[in-house]
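What follows is the structure, given as structure tokens:
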């Protein structure tokens, strides 16, 4: 069955990711940064909790982005370089099953590593909660162990789902890992400002420039929409409707990119 073959590919990718020293290094580095943020927070009276939450969520995001891109661009390119793609496709494995399995496997790897970093962040915050005086806890805008941080992590996974699809797309047709990495990171950076591009398009006087800005704003993934760190840090409510719509957008965008990836991969000749 197709589902079984996709699961086998995904599980293979997950096992490789679990053994990858790069992932362990990045997760360890993130945990060390959480500890550093705790020390930094002690130097800023009254703002330590906000600093640790903000820096902790930022570290999780940056680590996830780097893992998504650095591993994603090599998922298909590595199989082609090693020529193992010939043996894989000679088996009863359809090309779309191969792509989907690679994608799901990397998402599983990212979810596991993000979960580890989230637990580490909550451990630091739990220590703060335990050691803080009642007066200090009363001054916090949001509790140390605020469940809303999990909403930020869920939206982060939506962001990584889209970025992973983008990295896999560039890995499919580009023969250079360096260019695939640069393209993926470029899309991520540009996607942070896709909303501003649409606003700028309505403000400029040139019709041609406005059309280009609008097109880029619509084509580029709206990565900025997934960033709710500021709201979480300041204890502001995040509507569930917003979370649902944003995750639905992530699913649709990732599905569209994966469809394009499969179309490109089907056209490649490995004979």
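Numbering (my numbering), first residue to last: 3 to 273. Cβ atoms here follow ideal geometry from the backbone N, Cα and C, with glycine treated the same way. Since we're looking at a predicted model, the values are computed, not measured.
| query | result |
| --- | --- |
| DSSP-derived helix/strand/coil call for residue 142 | coil |
| Contacting residues, own chain, Cβ-Cβ under 7 Å from residue 228 (five flanking each side not counted) | 157, 158, 160, 161, 248 |
| For residue 56, the three-state DSSP class (helix, strand or coil) | helix |
| Beta carbon of residue 65 nearer than 8 Å to that of residue 165 | no |
| C-beta atoms of residue 112 and residue 173 nearer than 8 Å | no |
| Beta carbon of residue 103 nearer than 8 Å to that of residue 10 | yes |
| C-beta atoms of residue 62 and residue 155 nearer than 8 Å | yes |
| Environment of residue 167 [buried if 16+ CB atoms lie within 10 Å] | buried |
| For residue 194, the first and last residue of its enclosing alpha helix (DSSP H) | Looking at the DSSP string, residue 194 is not in any alpha helix (DSSP H), and its letter there is neither H nor E. |
| Whole-angstrom distance between residue 146 and residue 52, CA atom to CA atom | 9 Å |
| Backbone CA spacing between residue 252 and residue 132 [nearest angstrom] | 37 Å |
| Nonlocal neighbours in the same chain, by C-beta distance under 8 Å from residue 230, ignoring five residues either side | 153, 154, 157, 240 |
| Opening and closing residue of the alpha helix (DSSP H) in which residue 173 lies | 150-175 |
| Between the CA atoms of residue 269 and residue 100 - distance to the nearest angstrom | 14 Å |
| Local conformation of residue 14 per DSSP, three classes | helix |
| Unbroken alpha helix (DSSP H) run spanning residue 111, endpoints | 97-133 |
| Nearest neighbour of residue 8, chosen from 58, 108, 67, 57 [CA to CA] | 108 |
| Cα-Cα separation, residue 238 to residue 261 | 37 Å |
| Residue 16 versus 30, 6, 115, 221, residue with shortest Cα-Cα distance | 115 |
| Contact under 8 Å by Cβ, residue 234 with residue 119 | no |
| Pairwise C-alpha distance: residue 148 and residue 170 | 34 Å |
| Where residue 221 falls, given that 16 or more other Cβ within 10 Å makes a residue buried | exposed |
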